[in-house]
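I have placed the structure first, in the form of C-alpha cells, so that the comments after it can refer back to it.
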Amino acid sequence: MNELLSNIIYFLIAVLFVFGLYGMLDKRNFMKKLMAMNIMQISVIIFFLALGQKLDATLPILVHGLEGVDQYVNPLPHALMLTAIVVSLSTTGVALALLLRIQDRYEDLEEPEILRGMDK
Amino acid sequence: MRILSMVFSIMLLGLLMFGSLGLPLIGDKDSPAAEHVSPRYIEKAYKETGSPNLVTAVLADYRSYDTLGETTVIFIAGAATILILRTAAGRKNAEGGSDE
Amino acid sequence: MNRPFGTTILDTAFRYMVPFIMVYGVYVLLHGEYSPGGGFQAGALLAIAVVLTRLVQGREAVFDMKGDTAIILAGLGTLIYAGLGVLTVIWGGNFLDYAAIPLDLHAKELRPLGILVIEVGVTICVMGVIIAIYDALTRKDDDI
Amino acid sequence: MSQHYPVLTVIIPLIAALVAPLAAYLSKGLVRVVSITAVFAALLTSMAALVRALTDGTWHYVFAGWAPPWGIEYVIDPLSGGITVLITFIGFMVAIYGLPFLKEETWLKQGLHYALYLLIISGLLGMVSTGDLFNLYVFLEISSLATYGLIASGGYRSTVAAFRYLIIGTAGASFYLLGIGYLYGVTGTLNMADMAERLQPIMDSPAVIIGLVLIFIGLGLKMALFPMHGWLPDAYTFAPPAVIPFVAGVATKVPAYVLLRMFFYIVGAGSGPVPAILTVIGWVAALGIILGSVMAIAQSDFRRMLAYSSVAQVGYIALGFAIGNTYGLIGAVLHIFNHAIMKSCLFLVAGGVKWRTGQHSISRYLELSGRMPLTMGAFAIAAMSMVGLPPTAGFFSKWYLVLGAINAGKWPFVVVIILSSLLNAVYFFRVIENSFLKKSAGGKQVLKDRLKTKKGLWELPVAMLIPIVVLGVGILLLGIFNEQIVSQVLQYTLPGGGQ
Amino acid sequence: MEYGMDYRPLWAVLVSLIAAGLIMLSGRRPNLREFWTIIAAVAKIVIVFSMLPVVLVGQVIELAPLEIAKGVSLYLRVDAMGMIFAALASFLWLVTSFYSIGYMRADKAKHQTGYFASFAICLSATMGIAFAGNLLTFFIFYEILTIATYPLVVHKRDREAIKGGRKYLAYTLIAGQLMLIAIIWIQVIAGGSDFQAGGFLAGTASDGALRVIAVLMLIGTGVKAGIMPLHGWLPSAMVAPTPVSALLHAVAVVKAGAFGVLRVVGFVFGPQLFDEIGAATALAWIAAFTIIVSSLIAMRQDNLKRRLAFSTIGQLSYVVLGAALVTPLGLLGGMYHIVAHAFMKITLFFCAGAIHVTTHKDNISEMKGIGKRMPFTMAAFTIGSLGIAGLPLIVGFISKWNLALGALQRGQGIFVAVLIGSALLATTYLIPVGQMAFFTTSKKFPKIGEARLDMLIPLCLTASIAIVLGIFPDAGAHFYQLAVNSAQEIFNNSSLTMGGGW
C-alpha cells in the first residue's frame, strides 16, 4: 500500500511536469507558456521535497528532547529548493518584464501575431 | 505540431514514471538521501554552526556558496528587469522603436 | 495632491502599519536561525514597507527610495555577502569560512555571526531588487 | 593567496558585477575600468590556476571549510582549468570590444550591461569549476538569467527572442534539475566525485537511466543540440553586438563541457544507459550538422547564418562524444576551444561590419575587404577554420574527429563531417566572394559609412579592432600549437589517459 | 642524418611566407613590394640549392620542428624526389617573379599586392609539399596551396573569374576532403604516415580497403594533376593572369598534384603493392586516356591559353603514367617529366603572356605572321612546342624516352604507342602555331615590336634551359641524377644506370 502511494505521488509529479512541458510546447500565448513553465519548475520543487520526506518526522528545526536522525526530515532538499524557488521567482520576474515590453510593442501576446509583427 | 508535442509529452510521462520505479519510497527512513549526507546535518549542525534551524544551517553555512549564487540571481533579476523595462523603454521614444 | 489612494483611512492605517512591518522584517531577519525565516523573507518585508508607502502616498512620499538607488543598494547587499567571503579568504580561511573571522570567539559562536552578516546582505539585496522592480514597473516614460 | 585562485577566478567578476551599478553611477569611465580590470584579473588567476593544475595535478578547493560531500567544492583539473582560461580570455576580448558600442549610453544602461555581462562570465566559470551538481545548477541559472537580460536589451525583436530563449532555457534547467533529483534520490549526494562512486553499483536502476536522460535533454536544450536549437537563431540574431560574440562563442560550449563531465567522468562512458544515449546523441548530432549547415546556406542575414552554423558546430562536439574513443573526445574538446574562438571572432566581425555599415545582410558585404582589410582578413581566417582547412584550428578538430570515427568504424559520421565542411565552404565562400571580389554596382551611397564623418579613425575603433585581430591570429596559433593543448591540457584528464 | 638539427628545410618554407607578410605590409609601395619578392626568391634558391649536395650523395635531411597533431609531427624531409620539385619550383619562382613584374606592370593590373603575396604563399606551400615527410604535413601544405591559389585564379574579379574560382574551389576542396579521409584512414591502419621509399602500407589492410584508399588518394592528388575526368577546373582557371597560369601549370599547382601521385605511388603504397591491388593498371589506362583525349580537345581550342591548358592536362598525365607503370624507368621518366614539362610549359605560357601584353591577342587564329613582330618570343615558343612534341635534343625527349622504356620494362608496349600517338598529336596542335607565326604573313604585324625585356629575358632563359637540359640532362641542378637516385631508392635497386639509354 505504502509502495503504491509512494509511486502515485511520483506519478503525480511526473504528470505535473509533463503538463508544464506540454503547455510550453503547445500553447501559443506567451503568458500561458510562462505559466506552464512555472508549473514545470514547481513540479521539480515538489519532487525534491518528496525525496527529503521521512515518515513520522518533524520539520528540520531542532527541538529540545527530540534527537536522532529519524526524527527530522532531511534538511538538504529544503535548502536546495529554497534556492530553486528563488531562481524560479527571478526567472518569472524577468519573463514578466519581457512580456510587458512585448505587450508594449506588439499589443498582443499570441505568438503568431508577434511573429508577424517581427517580420514587418 | 500539436500531435508531435502530445506524443513527446506522453513519451516523457512514460519515461518519468518508469524512472520513478527506481526511486526510494516516499518517507523511507533508509533511503540513500536520508542515510548518506543528511544525517550529519541533523546530528552535528547545531554543534558546528550554532543554528538550530537546520535548513538555515545548510543554506547559510554548509552550502553558503549556493546561497551566494541565489542572492546573485535575485540581483540579476532586478538588474535585468530594469535594463529591459527602463533603458529599452527610453529607446522607444528616442528612436521610434528601432528594431535593430 | 497626487495620491492614488489618498484616503484618510488608508493614510492612518498605513501610518501604523509601516513601522510594524519593518520591525517584523528585522525580527524575521534576526530570528532566521531559530525558526523558518531569514534574509529573503526579511528583505521582502522591508521592501513591502517602501512599496506600501509609495502605493499610499504616491510619488511624493517622504519615505521613498528611487529605483536607481535601489539597484545600487541591491548590488551592495550582495557585495556584503561576497565581500565576507573575500574577507575570510584574506583572513586566511577558505571562501566563506566564517571560522576565519578574526574575533576572539569560538568557531561555534563565529559561525552564527557569519550567517547573520550574510543574511543582512541577502536582506538588503532582496529589498533593493523588489523596490527597483516596483519602481521600474510604475515609472512613466518621461521620468527617465 | 595562491591556493584561492579557483574561487577568485569566479568571484572577481561576480564582485565587479555587484559594484558595477554603483561604479557607473559615480562615473561612466569607472565602470568600464572596473569591469575590464576584473575580467583581466580573472584571466590571470585562471591561467595561474591552470598552470598549477598542470604541474600539481587536480586541485580541490573546499568552500566554507566543509569537506565534501557536505560542503561544496571546486575541482580544477587541466581540462576545467583550460576552459576557464578560454572563457576569461574571450570574455576579456569581448569586454574590450564592447566599449565603443556602449560609450554613448546612460550610466544606468552601462552599469547594468556590465553587471550582467560580468555575471554571464562568472556563471559560466562557476559551472565549469564546480564539483557539485546543484551548485552547477545555480551558476547555470546565473549565466542564463544574465544572458536573457542582456539579449533583451538589443531592441524590440530581441525581447521576443529573449523570451523564447528564457522559456526554453528554463525548461532545460528544469530538466537538468529533475535529472539531478532522480540521481540524488538514489545516491543521496550531490557531489560529483561522491556520486560517481555511489552510482556504480546501481547503474541499471531505472531512476539512474531516466535521470541521465533528463540531464541529457536539459543540457541538450542549453547547448542548442539539434533538434533542441529553436531558441538559438533568433537570440543570436537580435542580441546586442557588444555581447553576442561572447555568448555565441562560449555559452553553448559550457553545457557541452558539463555533458562531457557528466557522462564520461561521473557515470563512465561504458556504464548504464550512457552508451545508448551516446548512440542517440551521435545520430541526432549528425542530422543536426547537416541540417544546420543547410539552413545556414539558406540565410541572407550574416548573423543568422552564423547562428545556424553554430547549431551545426555544436553537433561536431556532440558527435565527438558519440564517437566515444579517445580521439573522438580529443576532437570534441578541442572543438570546444576552437569553435569558441572561431565563432567569437566571426561575431566580432559581424558587429564590426554593422558598426561600419549599419548592415547585416550578406549582400551588403560587397567590397568590404578594401575598407576593412584587417577585419575581413580575420574573417577569412575564421571562415577557413570553420570549413576546416589547414593550418587553422578548425582543421585539427576535424582531424581528430575523423580519426576517432574511422578508428571506431563509424563511417557515416566520417561522411557527415566531410560533407558538412563542404557545406560550410559553400556559405562562407559566398561571403568571402561578396566582400573580396564582387563590386557593388552603384550601391555605394546606400551604405552608411560611420567613419567617413569621423576623420582620423582607421577601419574601426581600436578597441574593436584589437580583439578581432587577436582572435584571428589566435585561430592560427591554436591550429599550429593544438598538439600542446591536446597533450598538456586534455591528455591527463581524458578517460583512459588519452592513449 | 641530421635529425632535427638542420633547419634549412623549414626556412625554405618560411622565407616566402615571411615575404608574403612583408609584401602585404608594403602594399602601397610597388618597388619595395617587388624587392621583397625578389629577395625572397633569391634566398629560397640559395637555401634550397645549399641542400642539393647533401641530397645528391644520397643523404636525407630530416626535421620535425613540432608535433602538429597528437602523434603526428610537422615533418620535413628532403629527399631526392622532393629536391627535384623544390629546386625546380624555387628556380622558376625567381624567373616567374621577374616575368610577373613585367607582365603586371605592362598590364596595369590591379590588386598587385594580393597577387604577389598569394604568389609567395603558393611557393611556400609548394616547398612544404616537396619537403613533406608525412601525409599530414603534405596535406596541410596541399590545402594551403589550394587556398593561396584561389586569389590568383580570381584575380581579375569579374564574373568569369569568380565563376572560374568557384569551379576551382569546388573541385579542389571536395578532392581535398576525400584525400583527408584517405589520409586519416591510413593513419589509423598504419599507425603513422611517414613517407618511406617503397611504401609502408603493405599488409596493413585488406585489398578492398587499400583499393578504396588508393582511389581516394588519387582523386585528391589527381584533381590538381588534372587527370580526366577531374580536369574540369583547369580550363576555367585560365581566366587568371598569364604568370599565374604559368605558375599553375608549370610550377606549383598542377605539379603538386603530379608530385603527389608520385609520392603516393612511390612512398605510401610502394610500386609493388600499388600494382598488386590493381590500381596501377587502372591508373595507367586513365592516364593514357587523358593523354589522348586532352590532345584531341586541345586541337580544337582557338584560345592559345586554353590550348596550352589542355596540353598541360595531357602532359601531366605523362607523369601520372610514369607513376602508374610502376617500373624504375617509368618512375624515373615521370619524375624527370616534372622538370621537363615545367621548363617547356612555362616557356609557352610566358610566350602567350608576352603576346597578350604586347599585342592583346589571345586567339591563335589572330596570330598569323606574329613571328615577324616578335621573333624571339615565337622562337622560344617553337622550342617549347617541339619539346612538348618530344623532339630529341629538347628536354621533353629525355623523359618520354624513359617513359617508353618503362612501359617496355613492364611489358606493356601499348603505352609506347600511346606516347607516340600523343607526340604526333602534339605536333598537330602546337607546332602549327609556330609555323603560322613564322611562315604566314599578315598585315597586322608589319614591324618588329618585341615584348618588354623583363618578360623577354625570362622566356628566352627557360627556352634555352629546355635545350640545355635536353642535351645534358644532368646539367645544373642534377635533376636527372636526383630522379635516378629516387627511383633507385623506391625500387631498392642499384642496377638502374644513369643515362637510361640516352
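Protein chains in written order, with the working numbering: chain A, 386 to 505; chain B, 1203 to 1302; chain C, 240 to 383; chain D, 71 to 569; chain E, 7 to 508. Glycine included, C-beta positions come from ideal geometry on N, C-alpha and C. Owing to the predicted nature of the structure, the values given are computational and were not obtained by experimental measurement.
Got a sec? Which residues, its chain only, sit under 7 Å from residue 54(E) by beta carbon, not counting five neighbours each side? Walking along the fifth sequence from the start, residue 54(E) turns up at place 48. For residue 54(E), where only same-chain residues beyond five positions count, the Cβ hits under 7 Å are 18, 92, 93, 96.
Going by the DSSP bridge assignment, what does residue 75(E) pair with across the sheet? On the fifth sequence, residue 75(E) is found 69 positions in, with the first residue counted as 1. Note: residue 75(E) sits in a beta bridge opposite 78(E).
Buried or exposed: which applies to residue 59(E), given that a residue is buried once 16 or more other Cβ atoms fall within 10 Å of its Cβ? Here residue 59(E) corresponds to residue number 53 of the fifth sequence, with the count starting at 1. Result: exposed.
Is the distance from the Cβ of residue 294(D) to the Cβ of residue 168(D) below 9 Å? Numbered from 1 along the fourth sequence, position 224 holds the residue referred to as residue 294(D). Numbered from 1 along the fourth sequence, position 98 holds the residue referred to as residue 168(D). Contact flag unset, no.
Measure the Cβ-Cβ separation of residue 162(E) and residue 252(E) and say whether it is below 9 Å. Indexing the fifth sequence from 1 puts residue 162(E) at position 156. Indexing the fifth sequence from 1 puts residue 252(E) at position 246. No, they are not a contact pair.
Within this structure, are the beta carbons of residue 249(D) and residue 415(D) separated by less than 9 Å? One-based indexing of the fourth sequence puts residue 249(D) at position 179. One-based indexing of the fourth sequence puts residue 415(D) at position 345. Contact flag unset, no.
Spatial neighbours of residue 260(E) within its chain, please: C-beta separation below 7 Å, excluding the five flanking residues on both sides. In the fifth sequence, the residue the question calls residue 260(E) occupies position 254. 230, 231, 232, 254, 318, 322.
Hey, is the segment 426-439 of chain E in contact with the segment 387-401 of chain E, meaning 3+ C-beta pairs nearer than 8 Å? yes
Where residue 513(E) sits in the DSSP three-state scheme: Since the first and last residues shown for chain E are 7 and 508, residue 513(E) lies out of range.
Alpha carbon to alpha carbon, how far is residue 86(D) from residue 109(D)? Numbered from its first residue, the fourth sequence carries residue 86(D) at position 16. Numbered from its first residue, the fourth sequence carries residue 109(D) at position 39. Residue 86(D) and residue 109(D): Cα-Cα distance of roughly 9 Å.
Counting only the same chain and skipping the five closest in sequence on each side, list residues whose C-beta sits under 7 Å from that of residue 404(E). Locating residue 404(E) in the fifth sequence gives position 398, where the first residue counts as 1. Correct list, in chain order: 342, 346, 476, 479, 508.
Heavy atom of the ligand GDP less than 8 Å from the Cβ of residue 293(D), yes or no? No copy of the ligand GDP appears in this structure; indeed no ligand is present at all.
In the DSSP output, which residue or residues are listed as bridge partners for residue 202(D)? Taking the first residue of the fourth sequence as 1, we reach residue 202(D) at position 132. For residue 202(D), which the question treats as bridged, DSSP gives the partners 261(D).
Interface residues of chain A facing residue 1207(B) [CB-CB closer than 7 Å]: As a working note, residue 1207(B) is residue 5 in the second sequence. Near residue 1207(B) (Cβ distances below 7 Å), the residues of chain A are 407, 410, 411.
At a Cβ threshold of 9 Å, is residue 381(C) touching chain D? Counting from 1 along the third sequence, the entry for residue 381(C) is found at position 142. At residue 381(C), the pLDDT of 47 sits below 50, so the modelled position is not reliable; the number obtained from the coordinates is stated separately. Answer no: the Cβ-Cβ gap between residue 381(C) and chain D never drops below 9 Å.
Nearest residue (CA-CA) to residue 1227(B), options 414(A), 397(A), 392(A): If you number the second sequence from 1, residue 1227(B) lands on position 25. Ranking 414(A), 397(A), 392(A) by Cα distance to residue 1227(B) puts 392(A) first.
Using 10 angstroms around the beta-carbon of residue 337(E), count the other beta-carbons present and answer buried if the total reaches 16, otherwise exposed. Numbered from its first residue, the fifth sequence carries residue 337(E) at position 331. That one is buried.
Report the residue from 220(E), 66(E), 145(E), 361(E) whose alpha carbon sits nearest the alpha carbon of residue 113(E). Working through the fifth sequence from its first residue, we reach residue 113(E) at position 107. Residue 361(E) is the option with its Cα nearest to residue 113(E).
Nearest neighbour of residue 260(C), chosen from 291(C), 306(C), 349(C), 348(C) [CA to CA]: Within the third sequence, residue 260(C) is the residue found at index 21, counting from 1. Checking every option, the nearest Cα to that of residue 260(C) belongs to 291(C).
Residue 395(D) - DSSP class collapsed to helix/strand/coil: Position 325 of the fourth sequence, counted from the start, is the residue given in the question as residue 395(D). Here residue 395(D) sits in coil by DSSP.
Locate the alpha helix (DSSP H) running through residue 469(D), then write down its first and last residues. As a working note, residue 469(D) is residue 399 in the fourth sequence. Unbroken alpha helix (DSSP H) run through residue 469(D): 463-477.
Could you give the residue range of the alpha helix (DSSP H) that holds residue 611(D)? The structure shown does not extend to residue 611(D), since chain D is modelled only from 71 to 569, so the question has no answer here.
Nearest to residue 81(E) (by Cα), restricted to the options 88(E), 110(E), 68(E): By one-based count along the fifth sequence, residue 81(E) stands at place 75. That would be 68(E), whose Cα lies nearest to the Cα of residue 81(E).
Could you run through the segment 166-179 of chain D and flag, in chain order, every residue whose CB is less than 8 Å away from some CB of chain B? 175, 176, 178, 179
Nearest-angstrom Cα separation, counted from residue 184(E) out to residue 475(D): Working through the fourth sequence from its first residue, we reach residue 475(D) at position 405. Working through the fifth sequence from its first residue, we reach residue 184(E) at position 178. Distance between the alpha carbons of residue 475(D) and residue 184(E) is about 15 Å.
Identify every residue that forms a DSSP beta bridge with residue 138(E). Within the fifth sequence, the letter at position 132 stands for residue 138(E). Paired residue(s): 82(E).
Alpha carbon to alpha carbon, how far is residue 375(E) from residue 526(D)? Give it in angstroms, no decimals. As a working note, residue 526(D) is residue 456 in the fourth sequence. As a working note, residue 375(E) is residue 369 in the fifth sequence. Any reading at residue 526(D) needs caution, since the residue's pLDDT is 49, under 50, leaving its predicted position unreliable; the model's value is listed next. The alpha-carbon atoms of residue 526(D) and residue 375(E) are separated by roughly 57 Å.
Could you name the residues of chain D that residue 279(C) contacts, counting a contact when the two beta carbons are closer than 7 Å? Stepping through the third sequence from its first residue, residue 279(C) is reached at position 40. Ordered by position in chain D, no residue passes the 7 Å Cβ test against residue 279(C), which lies about 15 Å from the chain.
Can you pull the chain D residues whose beta carbon is under 7 Å from the beta carbon of residue 338(C), in chain order? The residue labelled residue 338(C) in the question sits at position 99 within the third sequence. Result: 135.
Taking residue 1283(B) as the query, report the chain A residues whose CB atoms sit under 7 Å from its CB, ordered along the chain. What you label residue 1283(B) is simply residue 81 of the second sequence in a count that begins at 1. Neighbours of residue 1283(B) on chain A, chain order: 478, 479, 482.
Roughly how many whole angstroms lie between the Cα atoms of residue 521(D) and residue 373(D)? Taking the fourth sequence and counting its residues from 1, the one referred to as residue 521(D) is at position 451. Taking the fourth sequence and counting its residues from 1, the one referred to as residue 373(D) is at position 303. Since pLDDT at residue 521(D) reaches only 49, below the 50 mark, its modelled position is unreliable, and no value is offered.
Can you check whether the CB of residue 92(D) is closer than 9 Å to the CB of residue 314(C)? As a working mapping, residue 314(C) is identified with position 75 in the third sequence. As a working mapping, residue 92(D) is identified with position 22 in the fourth sequence. Going by C-beta atoms, residue 314(C) is nearer than 9 Å to residue 92(D).
For residue 500(A), count neighbouring Cβ atoms within 10 angstroms of its own Cβ and tell me buried if that reaches 16, exposed if not. Counted from its first residue, the first sequence places residue 500(A) at position 115. Exposed, by the Cβ-count rule.
Mapping DSSP to helix, strand and coil, what is residue 392(A)? Your numbering for residue 392(A) matches position 7 in the first sequence. In this structure, residue 392(A) counts as helix in the three-state DSSP scheme.
By how many angstroms is the C-alpha of residue 257(C) removed from the C-alpha of residue 356(C)? The residue labelled residue 356(C) in the question sits at position 117 within the third sequence. The residue labelled residue 257(C) in the question sits at position 18 within the third sequence. Cα to Cα, residue 356(C) sits roughly 24 Å from residue 257(C).
Does the Cβ of residue 349(D) have 16 or more other Cβ atoms within 10 Å, making it buried, or fewer, making it exposed? For the purposes of this step, residue 349(D) is taken as the residue at position 279 of the fourth sequence. Exposed, because fewer than 16 other Cβ atoms sit within 10 Å of the Cβ of residue 349(D).
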